[in-house]
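As they're listed, the protein sequences go chains A and B.
Here the first sequence is numbered in my numbering, starting from 6 and rising by one per residue.
Here the second sequence is numbered in my numbering, starting from 6 and rising by one per residue.
The C-beta atom is built at its ideal place from N, Cα and C for all residues, glycine as well.
Bear in mind that the values here come from a model prediction, so they are computed numbers and not experimental data.
Take a look at the structure below.
Number of protein chains: 2
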Amino acid sequence: MNSTTPYSLRPIGRVHSQLADRKDAPDQGSEGAPEAWIEIREEFKPAIDGIMAGSEIILLTWLHRSDRNTLQVHPRYNPGNPLKGVFATRAPDRPNPIGLHRVQVLEIAEPVRLKVSPLEALDGTPVIDIKPVLSGEH
Amino acid sequence: MNSTTPYSLRPIGRVHSQLADRKDAPDQGSEGAPEAWIEIREEFKPAIDGIMAGSEIILLTWLHRSDRNTLQVHPRYNPGNPLKGVFATRAPDRPNPIGLHRVQVLEIAEPVRLKVSPLEALDGTPVIDIKPVLSGEH
Chain A
6 MNSTTPYSLR PIGRVHSQLA DRKDAPDQGS EGAPEAWIEI REEFKPAIDG IMAGSEIILL
66 TWLHRSDRNT LQVHPRYNPG NPLKGVFATR APDRPNPIGL HRVQVLEIAE PVRLKVSPLE
126 ALDGTPVIDI KPVLSGEH
Chain B
6 MNSTTPYSLR PIGRVHSQLA DRKDAPDQGS EGAPEAWIEI REEFKPAIDG IMAGSEIILL
66 TWLHRSDRNT LQVHPRYNPG NPLKGVFATR APDRPNPIGL HRVQVLEIAE PVRLKVSPLE
126 ALDGTPVIDI KPVLSGEH
């Protein structure tokens, strides 16, 4: 395996949200993003055992509408901000467009759906991983 | 595009660390993990512009030695702990083995290397994304 080997991700679920367009999405989760439902693929149901209403979790998503060739951006896409490397920003356009969202679980429903808030991800965004927030991180 | 479409990751760099084996790695970054160097692929150099010594960053890695079929684990791999879904743990074995590491940048060297601490990732682990820590998260 050499250093350019690509790795393949499998979506484990999908976002259902009222956010339909990138222009509707706030820049950060804390800026007025809505509640959303995460639909988990049924084959992964055993993997959410231990997540409860009230849990703080980190959702990793695949920002499928992003431009993967962008290496620098004007932060918040404001041309008045000087160009900055995408790894020093949370811009969705980046070589591997992974979204990182800290959310709270509000409700768990059958068959496998998690209601979370706040989430700035667009409707249809694939979810690729879920992790607990570690107390030592905060 | 349907819900099972796989997505392909490109490594943007690689970890150089004294941690050679999974048994050497502490379970969490804060438990005595060492310093490490992140070697960034030269083509992505423009993307780190804005990262400075002292910056707090989130490294996303691809835990390439993980088992992707594991859905439940005994937390910390201690058989005395009841089984739990991997999405409720930080276990490296999971459907998409993405590692999430909050580290501080200690030094930036030529051509493109970042010295960071603490990092529990094994030597050779691919790095797939870098994000700034947001002040609102802490």
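Near-chain A residues of the stretch 106-120 of chain B (beta-carbon distance less than 8 Å), N- to C-terminal order
Arg107
Considering just the uninterrupted stretch of the beta strand (DSSP E) at glutamine 23 of chain A, what are its terminal residues?
Taking the first sequence and counting its residues from 1, one reaches residue 23 of chain A at position 18. No beta strand (DSSP E) contains glutamine 23 of chain A, which DSSP labels as neither H nor E.
What first and last residue would you give for the beta strand (DSSP E) that runs through lysine 120 of chain A?
One-based indexing of the first sequence puts residue 120 of chain A at position 115. 118-122 is the extent of the beta strand (DSSP E) around lysine 120 of chain A.
Going along the chain, which residues of the stretch 55-82 of chain A sit with their C-beta nearer than 9 Å to a C-beta in chain B?
Gly55, Ile56, Met57, Ser60, Ile62, Ile63, Leu65, Trp67, His69, Arg73, Thr75, Leu76, Gln77, Pro80
Listing by chain order, which chain B residues have their CB less than 7 Å from the CB of proline 51 of chain A?
Here residue 51 of chain A refers to the residue found at position 46 of the first sequence. What proline 51 of chain A touches in chain B: Leu76, Gln77, Gly90.
For threonine 94 of chain A and chain B, any beta-carbon pair shorter than 9 Å?
As a first step, residue 94 of chain A is located in the first sequence; it is residue number 89 there, counting from the start. Answer yes: the Cβ-Cβ gap between threonine 94 of chain A and chain B drops below 9 Å somewhere.
Any idea which residues DSSP pairs glycine 104 of chain B with across the strands?
Within the second sequence, residue 104 of chain B is the residue found at index 99, counting from 1. Glycine 104 of chain B is bridged to B:Thr66.
Can you tell me the Cβ-Cβ gap for isoleucine 62 of chain A and proline 137 of chain A, rounded? I've got them flagged as a contact below 8 Å.
Taking the first residue of the first sequence as position 1, residue 62 of chain A is located at position 57. Taking the first residue of the first sequence as position 1, residue 137 of chain A is located at position 132. So it is a contact: roughly 6 Å between Cβ atoms.
Stretch pair the stretch 75-90 of chain A + the stretch 99-117 of chain B: three plus CB contacts closer than 8 Å
no
When you compare only the Cα positions, how much space is there between tyrosine 72 of chain A and asparagine 101 of chain A?
For the purposes of this step, residue 72 of chain A is taken as the residue at position 67 of the first sequence. For the purposes of this step, residue 101 of chain A is taken as the residue at position 96 of the first sequence. One detail in the question is off: residue 72 of chain A reads as aspartate in this sequence, not tyrosine. Spanning the two alpha carbons is a distance of roughly 9 Å.
Since serine 122 of chain A meets chain B, which of its residues come closer than 7 Å, beta carbon to beta carbon?
Translated into positions along the first sequence, residue 122 of chain A becomes position 117. Those within 7 Å of serine 122 of chain A in chain B number zero; the least Cβ separation is about 15 Å.
Is proline 51 of chain A helix, strand or coil by DSSP?
If you number the first sequence from 1, residue 51 of chain A lands on position 46. It is helical.
For alanine 96 of chain A, name the three-state secondary structure that DSSP assigns.
For the purposes of this step, residue 96 of chain A is identified with residue 91 of the first sequence, where counting begins at 1. If DSSP states are grouped into helix, strand and coil, alanine 96 of chain A belongs with coil.
For histidine 21 of chain A, the nearest candidate out of A:Met57, A:Ala96, A:Val121 (CA to CA)
On the first sequence, position 16 is the one that residue 21 of chain A refers to. Of the listed residues, the one whose Cα sits closest to histidine 21 of chain A is A:Val121.
Using a Cβ-Cβ distance under 9 Å, would arginine 27 of chain A count as near chain B?
Taking the first residue of the first sequence as position 1, residue 27 of chain A is located at position 22. For arginine 27 of chain A, the answer is no, since every Cβ of chain B falls outside 9 Å of its Cβ.
By Cβ distance below 7 Å, which residues in the same chain neighbour leucine 14 of chain A in space, the five residues on each side in sequence not counted?
On the first sequence, position 9 is the one that residue 14 of chain A refers to. Once the five neighbours on either side are set aside, the close Cβ partners of leucine 14 of chain A are Trp67, Ile133.
Just mark lysine 89 of chain A as buried or exposed, buried being the case when its beta carbon has 16 or more other beta carbons within 10 Å.
On the first sequence, residue 89 of chain A is found 84 positions in, with the first residue counted as 1. With 16 or more other Cβ atoms within 10 Å, it is buried.
For a test of the three-state rule: what should DSSP assign to glycine 34 of chain A, helix, strand or coil?
Reading the first sequence from its first residue, position 29 is the one you call residue 34 of chain A. Model confidence at glycine 34 of chain A stands at a pLDDT of 49, short of 50, so the residue's coordinates are unreliable; what they give is reported in the following sentence. Reduced to three states, the DSSP call for glycine 34 of chain A is coil.
Smallest Cα separation from glycine 59 of chain A: which of A:Val108, A:Lys50, A:Thr94?
Your numbering for residue 59 of chain A matches position 54 in the first sequence. It is A:Val108 whose Cα lies nearest to the Cα of glycine 59 of chain A.
Considering leucine 14 of chain A, what are the terminal residues of the beta strand (DSSP E) in which it resides?
Locating residue 14 of chain A in the first sequence gives position 9, counting from the first residue. Note, leucine 14 of chain A: beta strand (DSSP E), 12-14.
Does leucine 165 of chain A come within less than 9 Å of chain B when only Cβ atoms are used?
Any property of residue 165 of chain A remains undetermined from this structure, which presents chain A solely from 6 to 143.
Kindly indicate which residue of A:Lys28, A:Ile17, A:Asn86 has the alpha-carbon position closest to the one of isoleucine 53 of chain A.
Against the first sequence, residue 53 of chain A aligns to sequence position 48. Looking at the Cα atoms, A:Ile17 is the closest of the given residues.
Got a sec, what are the start and stop residues for the beta strand (DSSP E) isoleucine 133 of chain A sits in?
Taking the first residue of the first sequence as position 1, residue 133 of chain A is located at position 128. Isoleucine 133 of chain A -> beta strand (DSSP E) spans 131-137.
Mind reading off the beta-carbon distance from alanine 93 of chain B to isoleucine 56 of chain A? Whole number of angstroms is fine, and I expect it under 8 Å.
Translated into positions along the second sequence, residue 93 of chain B becomes position 88. Translated into positions along the first sequence, residue 56 of chain A becomes position 51. Contact flag correct, Cβ pair sits at about 5 Å.
Determine the contact status of leucine 24 of chain A and leucine 127 of chain A, defining contact as a CB-CB distance below 9 Å.
Position 19 of the first sequence, counting from 1, holds the residue named residue 24 of chain A. Position 122 of the first sequence, counting from 1, holds the residue named residue 127 of chain A. Cβ distance < 9 Å, so leucine 24 of chain A and leucine 127 of chain A count as in contact.
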